[in-house]
């Protein structure tokens, strides 16, 4: 049985193919359109998925959409009706779009699908899954567990913002839900907005900023914004928020509570902003911990946990949850946001709608390392690079690894473009920028001269799985950069009295460990464990670097500049290479040095993308 899953029309549109319960392909529309968080119908992604699967749309039994538009429209109408006459301007803006486009999504989907198959039987084959059920399916079915709790948290689906469920082989049973407008995701997004970052994009900046501050506003948040019960259930005080019917996330009362208007996007980041980030992060972690403690206490025979929804991308909270030792294992969906809803819908349709049995993955999990996108042959790469005017040589795998490891050990920054593109927001060693983590200046170089982004942003270490415990206080797999843990004490540097007294952004340039480029100011790191089974080429590269340096760790960040989606094609990679201070580019077996390229091809393309 073949199922095509689709997510679209809100943000992070995507498509996925599931065949006989196995995820064959999954891709985000943004990678092809080059528009970050592209919400449009994923026409290009569907085409690429069908091509990769070697199927036409006519060969699919079901097309599953990741949510139910009419329920979402019902929520919109009921919310405006309940709060009228407040929000009339927002209502005026929203209604034409809903009436013209979103309310008739079934018709739009049918029209788009008929581009691929003129006589596609939409009435018989198209189904709509509930939003949080799609998230739950994306979390449980690819996990290595036969039975697990499933916690999904995001802004809002149709009505649900948080759900707790139990997965048992091929079944999912919802235990309890929290409904709009009470949303942990929207609370975090409201603070994201107030701190001057873009909603649905900048939340990870808040998480990265939090360790620079202290949670001095934590009590104020609990006193005024949110009432949290012992079991983790919560209600927001809507007197401080404007997202139900307004044009902004927060209102004047929120601003007065925290001492002024929202920070401008280009305004300096002050200690107050860092403390607010630390405070909302602390509250988020506590709510997640309470939810998990209560359900674990209530049902003691379920010993594993799966996570999905946008809040599950908060790797700091995930790391805290892991260290609580409430569960024998925690598995987080790497595409936890709405993009992952595409194959969550497909898997849900396969198991829950079509009642097909589940085959539990007996490897790391059922995600194939999240390497689910397109790959390019050597012939394609050569033709595309020649067309772009690149100067390169072709190397064997062994020589490619040797020369790349040598350049990394010399402090060079490397663009690494290999194999199938990753699905989800993280580059996992196939569309990555790599560097030496031992360098005390590498974090600044990568942020300022290559990524063109805020200097406070941390970078993740990619570490050989078999060397993990030698370098980090973590004893479990973290293949998707979704868990944080401390650098081992013996790898850390004793701080001077002067360094200990530093506050806020002054902490940034303090060398804290043997791998300062991936050690955050609280000694934590967002870890990717690299497994030979899922990515042998990347594993061998890190191993070669370790043989030269004694360090089995590399800096791994996504291959893009700020505001740009991760590169998809060889042309995207070459453009980024020539538009930044990257020194080396390895695309398949093609090896490029910046110093050998035509200087006329170097250009600043930052203005092509809206800042995230």
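Numbering (my numbering), first residue to last: 1 to 612.
A virtual CB, placed ideally from N, CA and C, is assigned to each residue, including glycine.
Keep in mind it's a predicted model, so treat the numbers as computed, not measured.
Check                                                                                                                                                                                           : Outcome
Assuming residue 524 is part of the beta strand (DSSP E), what are its boundary residues?                                                                                                       : 524-530
From the DSSP output, in three-state form, read off residue 433 for me.                                                                                                                         : strand
Mind listing, in chain order, the continuous alpha helix (DSSP H) runs of no fewer than 4 residues lying wholly within the region 443-514?                                                      : 468-471, 497-500
Could you give the distance in angstroms between the alpha-carbon of residue 466 and the alpha-carbon of residue 521?                                                                           : 26 Å
With contact counted as at least three CB pairs below 8 Å, one residue from each stretch, are the region 266-286 and the region 193-204 in contact?                                             : yes
Rounded to a whole number of angstroms, what is the C-alpha to C-alpha distance between residue 605 and residue 450?                                                                            : 12 Å
Taking C-beta to C-beta, are residue 537 and residue 419 nearer than 8 Å?                                                                                                                       : yes
Alpha carbon to alpha carbon, how far is residue 354 from residue 170?                                                                                                                          : 11 Å
DSSP puts residue 555 in a beta bridge; with which residues?                                                                                                                                    : 435, 461
Whole angstroms is fine: what's the gap from residue 24's alpha carbon to residue 16's?                                                                                                         : 8 Å
Compute the beta-carbon to beta-carbon distance between residue 446 and residue 408, rounded to the nearest angstrom, for a pair I have assumed lies under 8 Å.                                 : About 13 Å; that fails the 8 Å criterion.
Using a Cβ distance threshold of 8 Å, determine whether the region 233-250 contacts the region 300-316, with at least three qualifying pairs required.                                          : no
Taking the alpha helix (DSSP H) that residue 237 falls in, what are its first and last residues?                                                                                                : Run containing residue 237: none; DSSP gives neither H nor E here.
Under a Cβ-count criterion, where at least 16 other Cβ atoms within 10 Å of its own Cβ denotes burial, should residue 306 be classed as buried or exposed?                                      : buried
On a CA-only basis, which of 234, 577, 454 is nearest residue 267? Give me that one, please.                                                                                                    : 454
Going by CA-CA distance only, name the one from 339, 340, 347, 291 that's closest to residue 324.                                                                                               : 291
Considering only the alpha carbon of each residue, which of 360, 496, 246, 415 lies closest to residue 142?                                                                                     : 360
Can you give me the Cβ contacts of residue 321 inside the same chain, cut-off strictly under 7 Å, excluding the 5 residues immediately before and after it?                                     : 288, 289, 292, 330
So what's residue 338 in DSSP terms, helix, strand or just coil?                                                                                                                                : helix
In this structure, how does DSSP classify residue 230 when only helix, strand and coil are distinguished?                                                                                       : coil
Over the uninterrupted alpha helix (DSSP H) stretch that includes residue 378, give me the two end residues.                                                                                    : 378-388
In this structure, how does DSSP classify residue 294 when only helix, strand and coil are distinguished?                                                                                       : helix
Classify residue 516 as buried or exposed, calling it buried when 16 or more other Cβ atoms lie within 10 Å of its own Cβ.                                                                      : buried
Start and end of the alpha helix (DSSP H) containing residue 110?                                                                                                                               : 105-116
What did DSSP end up calling residue 7 once you bin it into helix, strand or coil?                                                                                                              : strand
Using a 10 Å radius around the Cβ and a threshold of 16 neighbouring Cβ atoms, would you call residue 397 buried or exposed?                                                                    : exposed
From this set, 225, 21, 14, which residue's C-alpha is nearest residue 3's C-alpha?                                                                                                             : 21
Could you tell me which uninterrupted alpha helix (DSSP H) segments, each at least 4 residues in length, are contained entirely in the region 19-90, listed from first to last along the chain? : 30-33, 43-53, 69-83
What is the residue span of the beta strand (DSSP E) that residue 200 lies within?                                                                                                              : Premise fails: residue 200 is in no beta strand (DSSP E) and is neither H nor E.
What do you reckon, are the CB atoms on residue 373 and residue 337 nearer than 8 Å?                                                                                                            : no
Among 119, 265, 603, 568, whose alpha-carbon lies nearest the alpha-carbon of residue 35?                                                                                                       : 568
Around the C-beta of residue 607, are 16 or more other C-beta atoms found within 10 angstroms, so that it is buried, or is it exposed?                                                          : exposed
To which residues of the same chain is residue 458 closer than 6 Å at the C-beta, ignoring the five residues directly before and after it?                                                      : 208, 520
Do residue 134 and residue 369 have their beta-carbon atoms positioned less than 8 Å apart in this structure?                                                                                   : no
Give a yes or no on contact between the region 527-547 and the region 488-496, applying the rule of three or more CB pairs nearer than 8 Å.                                                     : no
According to DSSP, simplified to helix, strand and coil, what is residue 323?                                                                                                                   : helix
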